[in-house]
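In what follows, a single structure is set out as structure tokens and then discussed.
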Amino acid sequence: MPVSTVKSQTDDVPALALASVGRRFGALVALQDVTLTLRHGERRAIIGANGAGKTTLFNTVTGDFPPTSGRILLAGRDITKMPPQARTRLGLRRTYQTPLLLDQLTVRDNFYVAVRGIRGGRLQLWRGADAGADEQEVLRLAELTGVLPLLGRRAVEISHGERRQVEIAMALAGTPDVLLLDEPAAGLSPGDRGTLTALLRSLPSSITIVLIEHDMDVALGFAEFVTVMHNGRVFCEGLPAAIAADQRVHEIYMGHRHG
Amino acid sequence: MTGSLSPKWTGLACLVALVFFPWFATPFWIVQIGAQTMILGIIALSLVWLAGYGGMVSMAQLVTAGLASYVVAYFGVQSDPALGFRLPWGLNIVLAIAAGTAFGIAVGLIAVRCFGIYMIMITLAIAVGFFYLARQNMGFFNAYNGFHGIRAPTLLGLSLRDPIPFYYLCLLCGISLFGFVVAAARTPLGLALQGIRDNPRRMQSLGYNVAVHRVVAFGIAGFIAAIGGVLRVWYAGSVSPGSVGVGSSISILMIAILGGMTHPIGAFVGALLFNLIQNFAIDFIDRERFNTMIGIILLAIILFMPSGLVGLVDRLRQDDRRGDRPPRQTAPNASQQSPKIKEGNHP
Numbered sequence: 127m128p129v130s131t132v133k134s135q136t137d138d139v140p141a142l143a144l145a146s147v148g149r150r151f152g153a154l155v156a157l158q159d160v161t162l163t164l165r166h167g168e169r170r171a172i173i174g175a176n177g178a179g180k181t182t183l184f185n186t187v188t189g190d191f192p193p194t195s196g197r198i199l200l201a202g203r204d205i206t207k208m209p210p211q212a213r214t215r216l217g218l219r220r221t222y223q224t225p226l227l228l229d230q231l232t233v234r235d236n237f238y239v240a241v242r243g244i245r246g247g248r249l250q251l252w253r254g255a256d257a258g259a260d261e262q263e264v265l266r267l268a269e270l271t272g273v274l275p276l277l278g279r280r281a282v283e284i285s286h287g288e289r290r291q292v293e294i295a296m297a298l299a300g301t302p303d304v305l306l307l308d309e310p311a312a313g314l315s316p317g318d319r320g321t322l323t324a325l326l327r328s329l330p331s332s333i334t335i336v337l338i339e340h341d342m343d344v345a346l347g348f349a350e351f352v353t354v355m356h357n358g359r360v361f362c363e364g365l366p367a368a369i370a371a372d373q374r375v376h377e378i379y380m381g382h383r384h385g
Numbered sequence: 006m007t008g009s010l011s012p013k014w015t016g017l018a019c020l021v022a023l024v025f026f027p028w029f030a031t032p033f034w035i036v037q038i039g040a041q042t043m044i045l046g047i048i049a050l051s052l053v054w055l056a057g058y059g060g061m062v063s064m065a066q067l068v069t070a071g072l073a074s075y076v077v078a079y080f081g082v083q084s085d086p087a088l089g090f091r092l093p094w095g096l097n098i099v100l101a102i103a104a105g106t107a108f109g110i111a112v113g114l115i116a117v118r119c120f121g122i123y124m125i126m127i128t129l130a131i132a133v134g135f136f137y138l139a140r141q142n143m144g145f146f147n148a149y150n151g152f153h154g155i156r157a158p159t160l161l162g163l164s165l166r167d168p169i170p171f172y173y174l175c176l177l178c179g180i181s182l183f184g185f186v187v188a189a190a191r192t193p194l195g196l197a198l199q200g201i202r203d204n205p206r207r208m209q210s211l212g213y214n215v216a217v218h219r220v221v222a223f224g225i226a227g228f229i230a231a232i233g234g235v236l237r238v239w240y241a242g243s244v245s246p247g248s249v250g251v252g253s254s255i256s257i258l259m260i261a262i263l264g265g266m267t268h269p270i271g272a273f274v275g276a277l278l279f280n281l282i283q284n285f286a287i288d289f290i291d292r293e294r295f296n297t298m299i300g301i302i303l304l305a306i307i308l309f310m311p312s313g314l315v316g317l318v319d320r321l322r323q324d325d326r327r328g329d330r331p332p333r334q335t336a337p338n339a340s341q342q343s344p345k346i347k348e349g350n351h352p
């Protein structure tokens, strides 16, 4: 396992660690005994069929639905019971399966809100002395994700592919430590998919990225390490090549019953 | 050209008209129409701030103003010697506005976990509760009688009770609060509030404490409504349970709908229309039929222009502009013509 390559003292503490995390919705067990360790800067893909618990896993990590059992550590800090906004301020960001933007605001204002959310002064009734720095950060995000021409448009007016780019840009405000991407390639045209993959590859290596992906080619092409989920549990983990060759993984994907 | 309907020139023209209007008008027009429109507009503005920017429809804005009116009466000059304190009017106003703001925060704390229709219901319950409390409580509200003989103060020899000074006071407050709301919408707090209206869950994952923002928005709305309440009690000279009845609370909602909640100016446009109908319906039909008439107009507005009169003007302006604007070059896609259709609902 490449997980245990210890380089320095800081690398000792995983960027994100889940210890037997579970989540129930009433009688339904959506997630059970999930244990994961991600080192700093890792690119991890999580794959699995519909209903495997991938998005629920993200929701427990971000606090959208806190876990009902287990513990979650972000850079060694226990965040299990923290509200979502506190986790975000600690360097955790996410995108959603369907891009969630602030639809009536312009793309520029979407970015501004994202930047302010990280920088603080969220209740200010003035823009403050650092307005120039905020604007620069907005422009940096737009440039990084190639959406500069969209800044003046309202979020509701732009296309699905553009919404993806904008949402990822918002998640990059203030440079996160851990970035969770929920099916970023879903519903994209082949052209948009290429742009997205290039964008993901260009992100700083300091960011730990976890990617949920249905498309095995995208997932296996991007990730250094792959976790396969099945029925709310971790089914197996391994290097992309090993996962691609694993017959059992193919059976899960094809919908065959697995014993 | 767009000159005829450009917001800058229309705004300037309105401002000039509002400033010079008392030169030509009778006291009835100055006070009954002018000042009262501003007062109703200010109270409706507090609702437009909450509903238009925050997506929170509060039925408790009128009683928030009503509480401020009662504080002005109880802690100021009024005709019942057995009740209240005679504080200097400056202190009195500060107290009234503080009480309104605190009440707004309290309403916010109660309503903050509710969305949509549930928030309307819970704030309506607060409004109804306030009315009955005012009618039954002797110690502070003076029950059925309420307070009478309340007078606007005299400032540097200028009696604010006189039509023209009072009109200018209301105009000044109205314009200042309007400007405040417009400016606030572009600040971190205002943008966050609009973000919460669009997508509370998204805002959480961007680092915002949604509940705190909503309560603060209610506090600001309470502040605006309280100023309206102070002016309202000076205007009427009295405050009683009748001033804080459910009917009046609904009127504020009607004003906001008539004018439109997409822009703060809607509060004042709606107030003017409402006030004109209220005063002149008697000339067309029976006084008793005012509710029928305002009801029909409200229905027509909801059916034919869902974003109120402001929405109608916006639409006209867009049509006007479409003719002389070059087609967009960047990223053509089908949604441009119909921005209301939500994209991106792919599984």
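So the sequence lines, in the order shown, correspond to chains A and B.
Taken in order, the first sequence gives residues 127 to 385; the numbers are from the numbering used here.
Taken in order, the second sequence gives residues 6 to 352; the numbers are from the numbering used here.
Positions of the beta carbon are idealized from the N, C-alpha and C atoms, including for glycine.
Can you name the residues of chain B whose CB is closer than 8 Å to the CB of A:M296?
-> By one-based count along the first sequence, residue 296 of chain A stands at place 170. Within chain B, the residues near A:M296 are L211.
For the segment 184-201 of chain B, enumerate the residues whose C-beta is nearer than 7 Å to any C-beta of chain A, in chain order.
-> A189, T192, P193, L194, L196, A197, Q199, G200
Report the rounded CA-to-CA distance for A:T206 versus A:L305, giving the unit in angstroms.
-> By one-based count along the first sequence, residue 206 of chain A stands at place 80. By one-based count along the first sequence, residue 305 of chain A stands at place 179. Going from the Cα of A:T206 to the Cα of A:L305 covers about 17 Å.
Mind checking if B:P331 is an interface residue toward chain A, Cβ cutoff 8 Å exclusive?
-> In the second sequence, residue 331 of chain B corresponds to position 326, counting from 1. Because B:P331 sits at a pLDDT of 44, beneath the cut-off of 50, its placement in the model cannot be relied upon, and the following sentence gives the value as read from the coordinates. Taking Cβ atoms only, chain A never reaches closer than 8 Å to B:P331, which makes this a no.
Starting from B:I131, follow the alpha helix (DSSP H) in both directions and report where the run begins and ends.
-> The residue you call residue 131 of chain B lines up with position 126 of the second sequence. It spans 122-141 - the alpha helix (DSSP H) in which B:I131 sits, taken as one unbroken run.
Would you mind reading off the limits of the beta strand (DSSP E) that contains A:D229?
-> Position 103 of the first sequence, counted from the start, is the residue given in the question as residue 229 of chain A. Element bounds for A:D229: n/a, residue is neither H nor E.
Evaluate A:L154 with the Cβ neighbour count: other Cβ atoms within 10 Å of its Cβ, from every protein chain shown; 16 or more gives buried, anything less gives exposed.
-> Walking along the first sequence from the start, residue 154 of chain A turns up at place 28. Counting Cβ neighbours within 10 Å, A:L154 comes out exposed, since fewer than 16 surround it.
Between the beta-carbon of A:T181 and the beta-carbon of A:Q223, is there less than 8 Å?
-> The residue labelled residue 181 of chain A in the question sits at position 55 within the first sequence. The residue labelled residue 223 of chain A in the question sits at position 97 within the first sequence. Against a cut-off of 8 Å, the Cβ pair of A:Q223 and A:T181 comes out as a contact.
Is B:H207 close to chain A, meaning its C-beta is less than 8 Å from at least one C-beta of that chain?
-> Indexing the second sequence from 1 puts residue 207 of chain B at position 202. Residue identity check: residue 207 of chain B is Arg in the sequence provided, not His. Yes - at least one Cβ of chain A is within 8 Å of the one on B:R207.
Once you ignore the five residues that flank B:F279 on each side, which residues in its own chain have a CB closer than 8 Å to its CB?
-> Within the second sequence, residue 279 of chain B is the residue found at index 274, counting from 1. Around B:F279: L45, S256, M259, I260, L263, I299.
B:V215 (DSSP reduced to helix, strand or coil) | Here residue 215 of chain B corresponds to residue number 210 of the second sequence, with the count starting at 1. The answer is helix: DSSP assigns B:V215 an H, G or I state.
Kindly list, in the order they appear in chain A, the residues whose Cβ is closer than 9 Å to that of B:V221.
-> Taking the second sequence and counting its residues from 1, the one referred to as residue 221 of chain B is at position 216. Neighbours of B:V221 on chain A, chain order: L249.
Close Cβ partners of B:I35 (< 7 Å) along its chain, the five nearest in sequence each way excluded = Within the second sequence, residue 35 of chain B is the residue found at index 30, counting from 1. Same-chain partners within the cutoff: P27, P168, I169, Y172.
Give the DSSP-derived three-state secondary structure of B:M310 in the structure shown.
-> Within the second sequence, the letter at position 305 stands for residue 310 of chain B. B:M310: coil per DSSP, three-state reduction.
Span of the alpha helix (DSSP H) around A:H286 | In the first sequence, residue 286 of chain A corresponds to position 160, counting from 1. From DSSP, the alpha helix (DSSP H) with A:H286 extends over 286-297.
Select from the segment 137-151 of chain B all residues with a C-beta closer than 7 Å to any C-beta belonging to chain A, and list them in chain order.
-> none
Of all Cβ atoms in chain B, is any one closer than 8 Å to the Cβ of A:Q291?
-> Counted from its first residue, the first sequence places residue 291 of chain A at position 165. No - not a single Cβ of chain B is within 8 Å of the one on A:Q291.
Alpha carbon to alpha carbon, how far is A:E363 from A:L162? Give it in angstroms, no decimals.
-> As a working mapping, residue 162 of chain A is identified with position 36 in the first sequence. As a working mapping, residue 363 of chain A is identified with position 237 in the first sequence. Near 10 Å, if we compare the C-alpha coordinates of A:E363 and A:L162.
Under three-state DSSP, which class holds A:R279?
-> As a working note, residue 279 of chain A is residue 153 in the first sequence. Three-state result, A:R279: coil.
Which bits of chain B does A:R215 rub up against, with CB to CB less than 8 Å?
-> Counted from its first residue, the first sequence places residue 215 of chain A at position 89. Within 8 Å Cβ-Cβ: G212.
Spatial distance of B:G275 from B:V117 (CA atoms) | Working through the second sequence from its first residue, we reach residue 275 of chain B at position 270. Working through the second sequence from its first residue, we reach residue 117 of chain B at position 112. So the two alpha carbons sit approximately 27 Å from each other.
How would you write the range of the alpha helix (DSSP H) that A:Q158 sits in, first residue to last?
-> Position 32 of the first sequence, counting from 1, holds the residue named residue 158 of chain A. Segment 154-164 is the beta strand (DSSP E) holding A:Q158; no alpha helix (DSSP H) there.
Span of the alpha helix (DSSP H), counted from its first residue to its last, around B:L72 = On the second sequence, position 67 is the one that residue 72 of chain B refers to. Note, B:L72: alpha helix (DSSP H), 66-79.
Going by other Cβ atoms of all chains shown within 10 Å of its Cβ, with 16 needed for buried, is B:F289 buried or exposed?
-> In the second sequence, the residue the question calls residue 289 of chain B occupies position 284. Exposed, since its Cβ has fewer than 16 Cβ neighbours within 10 Å.
Status (buried if at least 16 other CB within 10 Å, exposed otherwise) for A:T221 = Along the first sequence, read from residue 1 onward, the residue named residue 221 of chain A stands at position 95. Buried: at least 16 other Cβ atoms inside 10 Å.
CB B:V77 to CB B:A101, shorter than 8 Å?
-> Walking along the second sequence from the start, residue 77 of chain B turns up at place 72. Walking along the second sequence from the start, residue 101 of chain B turns up at place 96. Contact: yes.
By DSSP, does B:A339 sit in helix, in strand, or in coil?
-> Indexing the second sequence from 1 puts residue 339 of chain B at position 334. Residue placement at B:A339 is poorly supported in this model, since its pLDDT is 37, which falls under 50; the coordinates still yield a value, given next. In the structure shown, B:A339 sits in a helix (DSSP, three-state: H, G or I).
Close-in-space but distant-in-sequence residues of the same chain around A:R301 (CB under 8 Å, 5 per side omitted) | Within the first sequence, numbered from 1, the residue matching residue 301 of chain A stands at position 175. It is Thr, not Arg, that sits at residue 301 of chain A in the sequence shown. Only P330, S332, I333 meet the Cβ criterion.
Under 6 Å Cβ to Cβ from B:G200, same chain only, skipping five residues before and after it: list those, please.
-> Taking the second sequence and counting its residues from 1, the one referred to as residue 200 of chain B is at position 195. The answer, listed in chain order, is M208.
B:C19 by DSSP, collapsed to three states: which one?
-> As a position in the second sequence, residue 19 of chain B is number 14, starting the count at 1. Note: B:C19 maps to helix in three-state DSSP.
For A:Y238, return the contacting residues in chain B, with the cut-off set at a CB-CB distance below 9 Å.
-> Numbered from 1 along the first sequence, position 112 holds the residue referred to as residue 238 of chain A. Simply P193, L196.
How long is the line joining the alpha carbons of B:S243 and B:H153, rounded to whole angstroms?
-> Sequence index remark: in the second sequence, residue 243 of chain B carries index 238 (1-based). Sequence index remark: in the second sequence, residue 153 of chain B carries index 148 (1-based). Those two C-alpha atoms are separated by around 4 Å.
Using a Cβ cut-off of 7 Å, pull out every chain A residue sitting near B:D324, in sequence order please.
-> As a first step, residue 324 of chain B must be located in the second sequence, where it is residue number 319. Correct list: empty, because the minimum Cβ distance to chain A is about 18 Å.
Assess, as a yes-or-no matter, whether the segment 131-150 of chain B is touched by the segment 245-254 of chain B under the definition of 3 or more beta carbon pairs within less than 8 Å.
-> yes
Who are A:R150's beta bridge partners in DSSP?
-> Taking the first residue of the first sequence as position 1, residue 150 of chain A is located at position 24. Bridge partners of A:R150: A:V155.
Residues that A:A143 bridges to, as DSSP identifies them = Working through the first sequence from its first residue, we reach residue 143 of chain A at position 17. DSSP, once it has assigned bridges, lists A:T163, A:L199 as partnering A:A143.
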